[in-house]
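Numbering (our numbering), first residue to last: 4 to 320.
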């Protein structure tokens, strides 16, 4: 396992730090995005270890983490890899004897400057804090100093320690850690998105739904961003060419399909990107027999050249 060198700074001026990072030449790697994670434990793991399966919006990662000293930047180690299907991996872990003990969500906005990452993390019932991660302790210390942060105030280890010290909560005893509702989650850091934006994005989702229902790929492709990443039950697809091939195979497999989406929840709403969670269902003819299905979807939508595009889609049953 390799060491993870990161430090968290609470009670920060988010807008001021963003301005400083931009002035230093840092690049926003990805905008404010909802991350969801399943936490697994097992009797074969050390008491300081756990397995995290995390949906990061454009990819899924599987991580074995260990915190041996939550008071030091040298106390956390991990092994991480990317996986193609979150639900399949969760089933594999369960069948191997691991227990899913918690489901958690938070928002993250990430900036990069050289080999150092700056993450603005927002968790339910906690003010946004900054996490700085680098290849070693000196790089983290230097980054903090350049931002005017006092390294003696840094916090280490997992977020559960922050919940205990700041709110008195033991989130390790809570099976779910969620934002109260989509509206509350979306409003963090977003000053009252105009109702017209919700209408505009909902119309785009309906346009996408109708294009999918038409089984005409030429209606679907213009709605997909060039750098899109899609996760379906059979795997992940990157770029328009791969995604188009996957959608066309679905069209060929399911005849007379009726596809619908509902219960839209806008968990992120800004002028240039949004995240929508929803329920989907379909009916059709597969192999000459009636079939149907349903599940949950998460889409990341971005504005490119004045038009909304699908940047990411994750469907799970």
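Cβ coordinates follow ideal geometry from the N, Cα and C atoms, glycine included. Computed from a predicted structure; not experimentally measured.
Item                                                                                                                                                                                 : Value
Helix or strand or just coil, what does DSSP make of residue 196?                                                                                                                    : Note that residue 196 scores a pLDDT of 48, beneath 50, so its modelled location is shaky; the value from the coordinates is reported in the next line. Of the three classes helix, strand and coil, the one that applies to residue 196 here is coil, per DSSP.
Just to confirm the assignment, what range does the alpha helix (DSSP H) spanning residue 27 have?                                                                                   : 17 to 27
By DSSP, does residue 284 sit in helix, in strand, or in coil?                                                                                                                       : strand
Which of helix, strand or coil does DSSP assign to residue 85?                                                                                                                       : strand
Residue 59 by DSSP, collapsed to three states: which one?                                                                                                                            : coil
What number of angstroms, rounded off, separates the C-alpha of residue 309 from the C-alpha of residue 156?                                                                         : 43 Å
Counting C-beta neighbours from all protein chains within 10 Å, is the total for residue 42 16 or more, i.e. buried, or is it exposed?                                               : buried
For residue 81, tell me which candidate among 91, 93, 92 and 64 has the shortest Cα-Cα distance.                                                                                     : 64
Taking the continuous beta strand (DSSP E) assigned at residue 222, which residues delimit it?                                                                                       : It is not in any beta strand (DSSP E) - residue 222 instead sits in the alpha helix (DSSP H) that spans 220 to 223.
In this structure, does DSSP put residue 47 in helix, strand or coil?                                                                                                                : coil
Three Cβ pairs or more, each shorter than 8 Å: is that satisfied between the stretch 303 to 320 and the stretch 233 to 240?                                                          : yes
Can you name the start and end residues of the alpha helix (DSSP H) that residue 257 belongs to?                                                                                     : Residue 257 -> no alpha helix (DSSP H), and no H or E assigned at all.
Buried or exposed: where does residue 4 fall if 16 or more other Cβ atoms within 10 Å of its Cβ makes it buried?                                                                     : exposed
Nearest to residue 282 by CA position, among 264, 274 and 293, is which residue?                                                                                                     : 264
What's the gap between the Cα of residue 271 and the Cα of residue 161?                                                                                                              : 25 Å
Just to confirm, are residue 260 and residue 285 a CB contact at a threshold of 7 Å?                                                                                                 : yes
Reducing DSSP to helix, strand and coil, say where residue 208 ends up.                                                                                                              : helix
Kindly identify the DSSP beta-bridge partner or partners of residue 39.                                                                                                              : 58 and 108
Would you list the residues sitting across from residue 239 in a DSSP beta bridge?                                                                                                   : 234
Is it buried or exposed for residue 203, if we count other Cβ within 10 angstroms and need 16 for buried?                                                                            : exposed
Assuming residue 306 and residue 275 are in contact, meaning their beta carbons sit under 8 Å apart, how far apart are those beta carbons, in whole angstroms?                       : 5 Å
Could you name each continuous beta strand (DSSP E) segment of 3 residues or more that falls completely within the stretch 107 to 182, going from the start of the chain to the end? : 119 to 125 and 132 to 137
Please state the DSSP three-state secondary structure of residue 215.                                                                                                                : helix
Return the CA-CA distance between residue 136 and residue 97, expressed in angstroms with no decimal places.                                                                         : 31 Å
Within the continuous beta strand (DSSP E) that includes residue 10, where are the two ends?                                                                                         : 8 to 12
Under a three-way DSSP split, which group does residue 74 fall into?                                                                                                                 : coil
By alpha-carbon positions, which one of 239, 158 and 228 ends up nearest to residue 70?                                                                                              : 158
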